[in-house]
Amino acid sequence: MLLELSDGNFVCGGFRQDSIEQKYADGGIYKLNRDGDIIWSRRINNSDFEREYFSSISLSHDGGFFLGGQSWLPGIRANRSWVVKTDSLGCDATSCIETGSNDAENETNHYKVYPNPAKDQVTIEILTNINMPSQIVFYNINGQEVLEQNINTQKNIINVKDLASGIYVYQIRDSKRNVFNGKMVIR
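Numbering (the numbering used here), first residue to last: 13 to 199.
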């Protein structure tokens, strides 16, 4: 499904497969320019279900989007209809990362990401028994995913030298779909 917008760009919905175990799939919404380059993408999930996808999309009166699809839990063979309303940036109440100055998740001491600011590499140290394997995803200030890497050990070194200088938001996701957010400055 592809929806053309008045600005000449396109929005589509679908799903994103978990790259760690290939077990989970979350609903996805993507905004593309005329050349097919991703302007932004969002992962939206209903945490009760393992596989979710969108099969229809329409524009709402406020410039946001309605997405319709299904959620499926294979263990009990449950399949449910799923409708999500987003704003014009593809954000619902749970899918977008806040970029304010409070790093509450870091205060819970689940992980340590350093140095900050960073130049060539970032170290991610898992401090608790969060569910491995995990992955870290970096987003630029426009919400575009710019780096994704699996985290398989308690201490991981991530190469960030190819990222442009600036402020990035990162998400660490574990295999149970818990999400931890933070900010990183790359010099």
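Backbone N, C-alpha and C define an ideal beta-carbon position, used for all residues, glycine too.
From a predicted model like this one, the values you see are computed outputs, not experimental measurements.
Item to check | Straight-line gap, K97 to I138 (C-alpha atoms, nearest Å) | outcome: Computed Cα separation, rounded: 34 Å.
To the nearest angstrom, how far is it from the Cα of R199 to the Cα of N91?
-> Those two C-alpha atoms are separated by around 47 Å.
Requested in this report: Consult DSSP for S93 and reduce its assignment to one of helix, strand or coil.
Outcome: Three-state DSSP puts S93 in a strand.
* Rounded C-beta distance between R54 and C103? I'm assuming under 8 Å. -> About 6 Å; that satisfies the 8 Å criterion.
Helix, strand or coil at D104 according to DSSP, with G and I counted as helix = D104 sits in coil when the DSSP states are folded into three classes, being neither helix nor strand.
Below 6 Å CB to CB, which residues in the same chain sit around G80 once its five sequence neighbours on both sides are set aside?
The beta carbon of G80 sits closer than 6 Å to the beta carbons of S68, V95 from its chain, once the five residues preceding and following it are set aside; these are given in chain order.
Given this structure, state the Cα-to-Cα distance separating D74 from V181, to the nearest angstrom. Cα-Cα distance, rounded: 27 Å.
Worksheet entry | First and last residue of the uninterrupted beta strand (DSSP E) at L44 | Looking at the DSSP string, the run of the beta strand (DSSP E) that includes L44 is 37-44.
* Reference R28, options I41, E16, G20, closest by Cα -> The residue among I41, E16, G20 with its C-alpha nearest the C-alpha of R28 is I41.
Would R185 be called buried (16 or more neighbouring beta carbons within 10 Å of its own) or exposed?
Answer is buried; the Cβ neighbour count reaches 16.
Check your understanding: With a CB to CB cut of under 8 Å and the five nearest residues on each side skipped, what residues in its chain are close to E16?
Key -> Annotation for E16: F22 place their beta carbon closer than 8 Å to its own, counting only its chain and skipping 5 residues before and after.
Practice item. Name, in chain order, the residues that DSSP records as bridge partners for T98. Key: T98 has F77 as its beta-bridge partners, per DSSP.
Cutting at 6 Å between CB atoms, please list the residues of its own chain near K131, excluding the five before and the five after it. Result list for K131: R199, in chain order.
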